[in-house]
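Chemist: Take a look at this one; I'll ask things after.
In the working numbering, the protein residues as written are 2 to 298.
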């Protein structure tokens, strides 16, 4: 039940790589009714479509999973769903997705030399190890069918957040979010700061920019580092929750309908029949625990 540091728990990282490879194989795990697509590709489509649903309709400053309060709980649920399928794929009921501690990599002279990018783990993307079959094509609801190698530009832009950046976000944000609950830099709040719109730290967003390539698209889960990155983002949220246990999730259930998908009891956008709300996932320990939060506090 423990989510561990990927580069300190190489067996877990190896299991993750093997599990993703199996889920990405259309022959072993076909997406029902979709020729040449895999179960893993369905997560790419899920993420893309969530980004295309603006709330309220007609503006893109906030969508069903980003730029608003449900950013953190939506991705927590997204990770848990993939984690469940990975456990089945590798036949290990105790497996949990490890996290990419980019704070540590930020301290390296060249973060591109991190073990996580070695050929044995998340490297070898040029030669076809991580084929891309779906890619976002702008602001439409459609996905383009492709068959190409994964694209990355490690270190081409942005920067990896430092431990000081993370501690500042955790220490200085005493409320979860603030009205108008969007991606405005001036709004503040823990969610907005962790997501990377408010403040100078740009925590989550900067990592997507630093990896570059497919990580910069609405179809960013094509890069398997996406889930390791979001596992660490979730760990940051868990640390913030531990630091500020009295801080409530907002907005409440009686907030205006323009905040659909983001109110505490709204079912979050999902292709699955069960209705999961932000309230349902606030207590992450029902699914997993982290090996440590202390390095973030």
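Heads up, the beta-carbon is just placed ideally off N, CA and C, and yes, glycines get one too.
Computed from a predicted model, the values in this text were never measured in an experiment.
Report the start-end ranges of each beta strand (DSSP E) in the region 109–166 that is 3 residues or longer and not cut off at the edges.
Modeler: Counting only runs of 3 or more, we get 132–137, 144–150.
Chemist: Which residue comes first and which comes last in the alpha helix (DSSP H) that contains residue 96?
Modeler: Taken as a continuous stretch (DSSP letters only), residue 96 belongs to no alpha helix (DSSP H), as it is neither H nor E.
Chemist: According to DSSP, what are the bridge partners of residue 265?
Modeler: BP columns for residue 265 are empty, so no partner.
Chemist: Tell whether a beta-carbon distance below 8 Å holds between residue 49 and residue 220.
Modeler: yes
Chemist: Quick check on residue 13 - is its C-beta less than 8 Å from some C-beta in chain D?
Modeler: Absence of chain D from the displayed structure is noted, only one protein chain being present.
Chemist: Could you check the C-alpha separation between residue 230 and residue 79 for me, to the nearest Å?
Modeler: 13 Å
Chemist: Round the Cβ separation of residue 136 and residue 37 to the nearest angstrom and send it over; I've been treating them as touching at under 8 Å.
Modeler: Contact doesn't hold; Cβ gap of about 14 Å is too wide.
Chemist: Measuring alpha carbon to alpha carbon, tell me which residue in 85, 267, 103, 152 is nearest residue 218.
Modeler: It is 152.
Chemist: In this structure, does DSSP put residue 219 in helix, strand or coil?
Modeler: coil
Chemist: In whole angstroms, give me the CA-to-CA distance for residue 62 and residue 159.
Modeler: 21 Å
Chemist: What number of angstroms, rounded off, separates the C-alpha of residue 146 from the C-alpha of residue 271?
Modeler: 21 Å
Chemist: Check whether the region 106–120 touches the region 184–200, taking contact to mean three or more Cβ pairs, one atom from each stretch, closer than 8 Å.
Modeler: no
Chemist: Near residue 168, which residues of its chain fall below 8 Å by C-beta distance, leaving aside the five closest residues on each side in sequence?
Modeler: 297, 298
Chemist: Taking the straight line between their C-alpha atoms, what separation do you get for residue 118 and residue 124?
Modeler: Distance from the CA atom of residue 118 to the CA atom of residue 124, rounded to whole angstroms, is 5 Å.
Chemist: Take the Cβ of residue 246 as the centre, count every other Cβ of all protein chains shown within 10 Å, and call the residue buried at 16 or more, exposed below.
Modeler: exposed
Chemist: Quick one: using the 10 Å Cβ neighbour count with 16 as the cut-off for buried, is residue 202 buried or exposed?
Modeler: Residue 202 should be labelled buried.
Chemist: By DSSP, does residue 91 sit in helix, in strand, or in coil?
Modeler: The three-state secondary structure of residue 91, taken from DSSP, is helix.
Chemist: Could you please give me the residues that DSSP links to residue 31 through a beta bridge?
Modeler: 39
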